[in-house]
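In the working numbering, each residue carries its 1-based index in the sequence shown increased by 1155.
See below for the structure under consideration.
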Amino acid sequence: MDVLDSLLDVMRPRGVVLGRSLQRAPWGISFPASPLVYFDFVLAGECWLRARGERIRIRAGEFVLVLDHTPHELGSAPDTRAVPIARIIPRLRRQWHRPPRLPAPAGSALVLYGTYHFEATLLSALRGLPRIIHVSAADIGGHAQLMALTAALAQELDRPGAGSQAVIDRLIDLMLVYALRTCLKRPDAASVAWVAALRDPALGRAIEAIHTAPARDWTVARLARETGRSRSAFAAAFAATLGQSPLAYLTRWRMTVAASLLRETRLPIAAVAQRVGYRNPYAFATAFRRVTGASPGAERRRGRGGGAAARIKRPRRSGAARS
């Protein structure tokens, strides 16, 4: 399992469709800053995205992700006046049950709007990516799977059948994976700490070892052996690239996995502790609270619809590592 696989498997971001609309020029819609991640998929025609001074043209078949609490606007031109999305959601929902006539008239755009809910840890892990991820026609044309995926989504929206909502939800989730994969291959993705680390073969082996076997009794020396480097050279390179020691990274990943198990399963807390390398449930509870700010019990209640969300605290940059 690679690092992106493990992040998405544990944190399971889920897409939710807000609606679909055929917009005729001139038009504009504004989206407020939100902890959710927006996605906009242009099914036909084209439109412009505006966000913090950026102007991006989005053509048919292309889509964008908007991260990091970034407010943005979509419109028929770079300077059209926009109305808040909240004002038109009822219309979007009405249009959902009345498929628009295609092809779209000249100057119009058929757009699918939605959001992804990301756990705080995944957002933290992706920190450093561009706030706007534009998956362009060139990106899609270079990936047969992505081309098939966007075509399948457009077809499912145009000709829904039994179970269409479940199909659409899963296709939207897959679009997220392909969008992140496309973005992480770009040269500027090296500003994401773990991407930079994975591009170093030695550090990449250590990170994948942690993600694959979080319960193993890791020490800095054992992780260093995975990389073929000396303990001191490995620890220094790890801290310089990721801004935290190997054992701090290990603990944060263990607590991320534990939080998912607490929310998604009925395993006893002691069993969850063992799954992430803690024989003593009290030591596990102490570490969990220190890293997330919440108790394991509170995180379990969150999974049942109550309690406050545990959020993995952002690490402080550190060059130190313990053995």
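For each residue, glycine too, the CB sits at the ideal point set by N, CA and C.
Scanning its chain for C-beta atoms nearer than 6 Å, with the 5 sequence neighbours on each side dropped, one finds around Ile1323 the residues Glu1311, in chain order. Asp1195 carries a strand assignment under DSSP once its states are collapsed to helix, strand and coil. Ala1352 is the residue among Ala1364, Ser1385, Thr1367, Ala1352 whose C-alpha sits nearest the C-alpha of Ala1394. Burial check for Gln1300: the Cβ neighbour count within 10 Å stays below 16, so the residue is exposed. Between the stretch 1218-1227 and the stretch 1179-1190 there are three or more C-beta pairs closer than 8 Å, enough to call the two in contact. In the displayed model, Phe1218 falls within a strand according to three-state DSSP. Put simply, the stretch 1208-1220 touches the stretch 1285-1292. At least three CB pairs are less than 8 Å apart.
Where Val1171 is concerned, there is no enclosing alpha helix (DSSP H), although the beta strand (DSSP E) around it starts and stops at 1169-1179. Non-local C-beta neighbours of Ala1261 in its own chain, meaning closer than 8 Å and more than five positions away in sequence, are absent.
According to the DSSP secondary-structure assignment, Tyr1271 is paired through a beta bridge with Gly1170, Val1192. The three-state reading of DSSP puts Ser1231 in coil, since its state is none of H, G, I, E or B. Boundaries of the alpha helix (DSSP H) around His1366: 1356-1367. The beta carbon of Ala1237 lies closer than 7 Å to those of Gly1183, Ile1184, Ser1185, Glu1228, Gly1230 in the same chain, with the five residues before and after it left out. Segment contact: the stretch 1382-1389 against the stretch 1421-1434, fewer than three CB-CB distances shorter than 8 Å; contact not assigned.
Burial is judged here by how many other beta carbons sit within 10 angstroms of a residue's own beta carbon; Thr1305 has at least 16 and is buried. Looking only at Arg1384, Ala1370, Pro1369, the smallest Cα-Cα distance to Ala1376 is reached by Arg1384. Here the stretch 1361-1372 makes contact with the stretch 1392-1406; the two share three or more CB pairs at distances below 8 Å.
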